[in-house]
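Have a look at the structure below, then the notes.
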Amino acid sequence: MTNKIKKIAVFTSGGDSPGMNAAIRSVVRTCAFLKLECVAIYRGYQGMIDGDFKNMDARSVNNIINKGGTVLKSARCEDFRTKEGRQKAYDQLRANNIDAFVVIGGNGSFAGAQLFNEEFDFPVMGIPGTIDNDIIGTSFTIGFDTAINTVVEAIDKIRDTASSHNRLFFVEVMGRDVGHIALNAGVGAGAEEILIPEQNLGLERLLDSLKRSKKSGKSSSIVIVAEGDKIGKNVFQLKEYVEEHLPIYDVRVSVLGHMQRGGNPTCFDRVLASRMGVRAVEALIEGKTNYMVGVRDTKLVLVPISEAIKEHTKINTELIKVSDIMTT
Ligand code: ATP
5 MTNKIKKIAV
15 FTSGGDSPGM
25 NAAIRSVVRT
35 CAFLKLECVA
45 IYRGYQGMID
55 GDFKNMDARS
65 VNNIINKGGT
75 VLKSARCEDF
85 RTKEGRQKAY
95 DQLRANNIDA
105 FVVIGGNGSF
115 AGAQLFNEEF
125 DFPVMGIPGT
135 IDNDIIGTSF
145 TIGFDTAINT
155 VVEAIDKIRD
165 TASSHNRLFF
175 VEVMGRDVGH
185 IALNAGVGAG
195 AEEILIPEQN
205 LGLERLLDSL
215 KRSKKSGKSS
225 SIVIVAEGDK
235 IGKNVFQLKE
245 YVEEHLPIYD
255 VRVSVLGHMQ
265 RGGNPTCFDR
275 VLASRMGVRA
285 VEALIEGKTN
295 YMVGVRDTKL
305 VLVPISEAIK
315 EHTKINTELI
325 KVSDIMTT
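One point on numbering: in this note's numbering, the residue at position 40 of the sequence shown is 44, and numbering is uninterrupted.
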C-alpha cells in the first residue's frame, strides 16, 4: 500500500450508458469511506481541459443510483487528442492537487487515459461503461444488461402487434461493429433471424429462413438487424428486398435508436458498477495504474488498458448456435 494518492477525480466519457451514475456514486463513496478527497469532472476530457471540477462528498451522490445517463455529462473532446490539449488537462489536474483519475467510458476514453498516463506518469484507472459490451477483458460492461433488457421489452411489444396482423418486422438495434446487443436480445426475445456485423448470412439464407418460417405455420416474424450488419443493406432496403421477393409478407420496420441507451439501470448493472467503483479506488491506492476493472466468472479483475483496447470482443458462437436451433 502506498499513501501517495490523496485526491481522486472521476468522470464519464464517450457515449453514456445506464449504470454510469452508480459507478460515479461508488467511486465518490469509496473515497469518502477511505478518507480520500474526491473531485467530479464534468463533460469528460473537455471538462478536464476547462477545469470544470466539483468537490464531492458522500452526500453529493444521493439518489442517483437509479438514474440512467450520467449526472456528470459526457462529451467527445477533439482537443484531448492533441498534445497541447492533454498538457492543459494535466495543468488543471495539478493546479487542483488531483493525484489520479477514474475514467468511466469505452475504448476511446481508455486510449486517451493510457496516452495521458504514458505522457505525464499520471495514475489512471478505467471502468468499462458502454452499452455495446465490446471491451476485451471483461465479460460485461456497465449498461449492457440494461440495454438488452430495454431491447427485449421493446421487441415483446412489437411482437404483440406483429402477431395481431401476421406481419414481419425488421427491428434495428445498436451495434455498428459488434452484434452483442442484437444476438443476446434476439435470443431473449425469440427473434426468427439475427443479423450481426460479425457474420454475413446473405440474402438468400434470409429469404429461405423466412419461407421456412411461414411454411412451419408461424404467423409473425421478428428479424433483429444490428446497425453494422454485413448483408450491406439497411433495414429499409431489407424491407423492400423482402417485399419484392416474398410478397406473402406484410413487412414493417422499427428502428429502436437512442431509447436503447436510456432508462433506469437494471439491478445487475447497479451492482456491477458499485463493485467496479470500489475496486477502481482500491487499486489506485494500492499503487496500480493504467488498468481497467473488469469482471470474469463473477470475480473482479484488473486488465491492463493496453489489452482492453486492443480489439473488440468476439461474438459468442455458442449463442449463435442456440439462436439457430431456437429458430427451427
Ligand atoms: P463509446 O464506446 O460509447 O463510443 P468511447 O469511450 O469509445 O465510448 P470515444 O468517442 O471513442 O468514446 O472517446 C471518447 C473521448 O476519448 C474522445 O472524444 C477523446 O477526447 C478521447 N480519446 C479517444 N481516443 C483517443 C486517443 N487515441 N487519444 C487521445 N484521446 C482519445
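Glycine included, every Cβ here is placed at the ideal spot set by N, Cα and C. Values in this document were obtained by computation on a predicted structure and should not be read as measured data.
- Here A193 has V156 and I159 as same chain residues with Cβ atoms under 6 angstroms from its own Cβ, once five neighbours each way along the sequence are excluded.
- Short note on G116: C-beta closer than 7 angstroms to some heavy atom of the ligand ATP.
- For a cut-off of 8 angstroms, the C-beta gap from T142 to P22 is around 16 angstroms, too long to register as a contact.
- The three-state secondary structure of N188, taken from DSSP, is helix.
- By DSSP's assignment, E176 forms a beta bridge with V229 and V259.
- A direct Cα-to-Cα measurement between V65 and I9 gives close to 22 angstroms.
- Excluding its 5 nearest sequence neighbours in each direction, K292 has no C-beta neighbour in its own chain below 6 angstroms.
- Following the DSSP letters along the chain, one finds K161 in no beta strand (DSSP E) but inside the alpha helix (DSSP H) bounded by residues F148 to S168.
- Under the three-state reduction of DSSP, R80 is assigned to coil, being neither helix nor strand.
- Rounded to whole angstroms, the Cβ separation of G112 and G18 is 6 angstroms, and the two are in contact under 8 angstroms.
- Ranked by how close their Cα comes to the Cα of E122, the residues I131, I102 and R90 have R90 in first place.
- Contact check for E231 against E176 passes: the beta carbons are separated by less than 8 angstroms.
- Taking the C-beta atoms as reference points, C81 is found no nearer than 8 angstroms to I108.
- Of the residues assessed, K243 falls on the buried side of the cut-off, its CB having 16 or more other CB atoms within 10 angstroms.
- Residue G147 holds the alpha-carbon nearest to the alpha-carbon of M263 among G147, G116, K218 and A287.
- Per the coordinates, the alpha-carbon of L205 lies some 40 angstroms from the alpha-carbon of F84.
- Excluding the 5 residues flanking it on each side, H249 has same chain C-beta neighbours closer than 7 angstroms at L211, in chain order.
- With contacts defined by Cβ atoms closer than 8 angstroms, I140 and E322 do not form a contacting pair.
- Sorting Y253, I235, Y46 and T34 by C-alpha distance to the C-alpha of F15 places Y46 at the top.
- DSSP, read as helix, strand or coil, puts I139 in strand.
- Between the ligand ATP and the CB of S113, the shortest heavy atom gap is smaller than 7 angstroms.
- For F126, the CB stays at least 7 angstroms from every heavy atom of the ligand ATP.
- Between V182 and T317, the C-beta spacing is below 8 angstroms.
- Membership of I252 in any alpha helix (DSSP H) is not indicated, and neither H nor E is assigned to it by DSSP.
- Note that the stretch 166-175 touches the stretch 215-231; at least 3 beta-carbon pairs, one per stretch, sit closer than 8 angstroms.
- Taking 7 angstroms as the cut-off, one finds at least one heavy atom of the ligand ATP near enough to the beta carbon of S17.
- If you ignore the 5 residues before and after I162, its C-beta comes within less than 7 angstroms of the C-beta of F173, V175, I226 and S258, all in its own chain and listed in chain order.
- The stretch 276-284 and the stretch 127-134 touch, with three or more beta-carbon pairs separated by less than 8 angstroms.
- No heavy atom of the ligand ATP is found nearer than 7 angstroms to the CB of R47.
- For L187 against I319, the beta-carbon gap comes to about 6 angstroms, under 8 angstroms, which counts as contact.
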